[in-house]
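Student: Protein chains in written order, with the numbering used here: chain U, 176 to 289; chain Z, 13 to 127.
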Amino acid sequence: DTEVTQTPKHLVMGMTNKKSLKCEQHMGHRAMYWYKQKAKKPPELMFVYSYEKLSINESVPSRFSPECPNSSLLNLHLHALQPEDSALYLCASSQAGQGAREQYFGPGTRLTVT
Amino acid sequence: AQSVAQPEDQVNVAEGNPLTVKCTYSVSGNPYLFWYVQYPNRGLQFLLKYITGDNLVKGSYGFEAEFNKSQTSFHLKKPSALVSDSALYFCAVRDKNNQGGKLIFGQGTELSVKP
């Protein structure tokens, strides 16, 4: 099974709301990633978890807060977002460590901030 | 600094014709290179990767890529294009300076295959 699932598929939230995006994989991968993607642009890395520990934060604003409760789950907590945060948020997973580890992506959550 | 470049924003091909989507890279040492495809309103799908060894890498859906060290290129190819191949294609390189598995993506090439 090479599937990464993400919920919800679509999310509309106001600038004062708090919401969470969820990601799950059952491939035994120990590295998980959050990306932000604008239309027809490459994904921009936000966070990387390796063995359930945050290993990379690409200087993401604190209104985005990641969480990795266990090796299969990854959450992204959202609070006080701005309209420019509207984008497709992609989760991915891969084997951890060095080497050519291909990442497997979920279908994404389309976020609209009003 | 490590980087990849996709020199064409868009490639147009007639169905049944061969297709090539270009990618060049700038990496110190041996690169780990990847191709991904993104269909509309979907996540990225892994197509193939180059580690070392054979310069012709075969991947999913009949795609292959040719690694050329002297030209620092990793072009994606398919002998006979299908309309269903129309999508956004990204070349990527593993950032070897980064322990966390970070990928550096090209800007993407939109492939349009017409019947």
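Glycine included, each C-beta is placed from N, C-alpha and C at the ideal position.
Between the alpha carbons of P183 (chain U) and S261 (chain U), how many angstroms are there, rounded?
Tutor: Rounded to the nearest whole angstrom, the C-alpha separation of P183 (chain U) and S261 (chain U) is 14 Å.
Student: What residues from chain Z crowd round V187 (chain U), counting only those whose CB sits closer than 8 Å?
Tutor: By Cβ distance, chain Z contributes nothing, its closest Cβ being about 16 Å from V187 (chain U), past 8 Å.
Student: Can you pull the chain Z residues whose beta carbon is under 7 Å from the beta carbon of P275 (chain U), in chain order?
Tutor: The question names Pro, but residue 275 (chain U) in the sequence shown is Ala. Y44, K61, I63 and R106, listed in chain order.
Student: Measuring CA to CA, which of Z:I116, Z:W47 and Z:S15 is closest to Y101 (chain Z)?
Tutor: Z:W47
Student: Is it right to say S96 (chain Z) is buried, meaning 16 or more other beta carbons lie within 10 angstroms of its own, or is it exposed?
Tutor: When all chains shown are included, S96 (chain Z) counts as exposed.
Student: Tell me whether the region 231-240 of chain U and the region 20-37 of chain Z touch, counting them as touching only if at least three CB pairs, one residue from each stretch, are closer than 8 Å.
Tutor: No, the region 231-240 of chain U does not touch the region 20-37 of chain Z.
Student: So with Cβ pairs under 8 Å, would you call Q278 (chain U) a contact of chain Z?
Tutor: yes
Student: Give me the Cβ distance between E78 (chain Z) and K70 (chain Z), rounded to the nearest whole Å; I'm assuming they're in contact under 8 Å.
Tutor: Their Cβ separation, rounded to whole angstroms, is 11 Å, which puts E78 (chain Z) and K70 (chain Z) out of contact at 8 Å.
Student: Roughly how many angstroms lie between the CA atoms of N53 (chain Z) and M207 (chain U), to the nearest whole one?
Tutor: 21 Å
Student: Pairs of beta-carbons, one from the region 201-215 of chain U and one from the region 272-284 of chain U, closer than 8 Å: are there three or more?
Tutor: yes
Student: Nearest by alpha-carbon distance to G55 (chain Z): which of U:S195, U:Y264 and U:E227 is it?
Tutor: U:Y264
Student: Taking just the CA atoms, how far does I116 (chain Z) sit from L40 (chain Z)?
Tutor: Checking the displayed sequence, the identity of residue 40 (chain Z) turns out to be Ser instead of Leu. The straight-line gap from Cα to Cα measures roughly 14 Å.
Student: Taking 8 Å as the CB-CB limit, is Q206 (chain U) close to chain Z?
Tutor: Sequence inspection shows Ala at residue 206 (chain U); the Gln mentioned does not correspond to that position. For A206 (chain U), the answer is yes, since a Cβ of chain Z falls inside 8 Å of its Cβ.
Student: So with CB distances below 8 Å, who are the chain U contacts of F117 (chain Z)?
Tutor: P217 and P218
Student: According to the neighbour-count rule (16 or more other Cβ atoms, all chains shown, within 10 Å of its Cβ), is H204 (chain U) buried or exposed?
Tutor: buried
Student: Hey, out of U:N232, U:V223, U:S225 and U:E178, whose CA is closest to Q200 (chain U)'s CA?
Tutor: The option with the nearest alpha carbon to Q200 (chain U) is U:E178.
Student: Can you pull the DSSP bridge partners for R285 (chain U)?
Tutor: U:H185 and U:L263
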